[in-house]
Every structure is written in structure tokens, then in C-alpha cells.
């Protein structure tokens, strides 16, 4: 990917709207190009600035009134001399009200769908891929669960369950903070031979769910389960059988809240 190809992707990248393949190509280019990296930094800074209350304001009431008056003066209503006496008036009025009500529901919904981020499964795979690309695989490096678990204290609004599964041949190697589904989560990192497993954990709103395989995305396998008030997503290029074995081993942990 060159600069000409990368520049149109910087804004969507800053908004989290790109698919994982495009993210991989763009981030590879960003590591090699200082100009595009600076453009990304500027875009991110500008987006944060526009979110400040001091940069947004409502039009004064007097200005809104004058604009409405000007619009009304330029648009002459079509003559309807006996409108209210016509037999179809109530059908027309009912249809108009229904259309307006429907529009008031459809427009916000369409905007919401347009602005909706990528599906959760794809977001998890993208986070997994990004963690493997750079130096942010681990924030805390340790095989000791009693070192990794306290590291999260004060960094999250919950206490994630942590366990070393070395006896099951899934040794813990550390953890990090990550961001999934619009919130900060814990990512516990395990290893099986040369395969890394990212386990994303955050407080659950769903009922308990046994470890369940999710359709593979871009060659990566996922297992999802809910236990002890915690949502868990495991993702890896490890084969499905072994990843499901990992999930069953971890599912016995009792989560604790602070």
C-alpha cells in the first residue's frame, strides 16, 4: 500500500470502520510512513477537538424564528378552498400522521445502523490481529496468575478471573488492557506451542452460556461463553478442538467483582 491508497483510509480507520484485512495493510504502511502517521495523528486530534462542548452551539431563538419566517414567505401554500369539507380528509390526515411517525422512527434507526461499528466477532478478531502485529501483545508479562490479576486493579471497573492453565498445556503468559464493544476489557494471553490465545473478559449482561464455537473469521477461531457474571471470548489460529478444550478448562474459574 502506498500513500495515495492510504490517505482515503485514514478517516475510516480513525472511526473504526475498516475491515481487518484493510487494517493490516494500512497499519503496515503506517509503520513505514511518517507522513501518513502524522495525518492519522492530526485526524484523531481533530475528532477529539470537535467533541468538545465549546466548539458546538445552538442557533439563537431569534435567528431560528427569522429563518422559519423567511421560508414560509417564499413558499406559498397550494389553494385548498374546501379541504376540510372533502370526504377523504380524514384518510389523508391519518396517512400523513402515520408517515411522519414512521419517518421519525426510521430515520434515527437508519442513522444508527449507518454509524454502527463492525460486528462484535469481527471487532474481537481485529483486536487479536492488532495485538500480534506490534509491541502491544502484553502490558504485564508473567506466568503467575497472582501477578497478572492484581495488575488490573484500578485499571478496570471489575476484577477479571485469571488462572494459569499450564497443567492443561495452556500456560498463561500475561495480560493487557483492550477495548471491545465500546468499553475497556481485560485481555488474558495464553499460549499453546507457537499459537497465542487472546481471552477477552468483561462483565456479562447475558445469562450463563456454555463454551460455544463461533463461525471462523479470516481463518481465526472463536469460542464464546458466559460464566460467573463474566462474558468471555477466546480467539486464536489454534484449531477449534484445542481452543474449545481451552475454553472448557477456563470456564471453571469463579469471577470476582471488586
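Numbering (our numbering), first residue to last: 224 to 481. Here a beta-carbon is modelled for each residue, glycine too, at the ideal position from N, C-alpha and C.
Check, Outcome
"How about residue 427 and residue 446: do their beta carbons lie closer than 8 Å?", "no"
"Find out if the Cβ-Cβ distance for the pair residue 466, residue 420 is shorter than 8 Å.", "yes"
"Using 10 angstroms around the beta-carbon of residue 251, count the other beta-carbons present and answer buried if the total reaches 16, otherwise exposed.", "exposed"
"For residue 459, which option in 473, 424 and 414 has the closest C-alpha, if you only look at C-alpha atoms?", "414"
"I need the DSSP call for residue 349, collapsed to helix, strand or coil.", "helix"
"How should residue 508 be labelled, buried or exposed, when 16 other C-beta atoms within 10 angstroms of its C-beta is the threshold for buried?", "The chain is shown from 224 up to 481; residue 508 falls before or after that span and cannot be answered."
"Given that a residue counts as buried once 16 or more other Cβ atoms are within 10 Å of its Cβ, and exposed if not, what is residue 402?", "exposed"
"Could you check whether residue 404 and residue 346 sit closer than 8 Å to each other, using their CB atoms as the reference points?", "yes"
"Quick one: what does DSSP say residue 453 is sitting in, helix, strand or coil?", "strand"
"How would you call residue 398, buried or exposed, if buried means at least 16 neighbouring beta carbons within 10 angstroms?", "buried"
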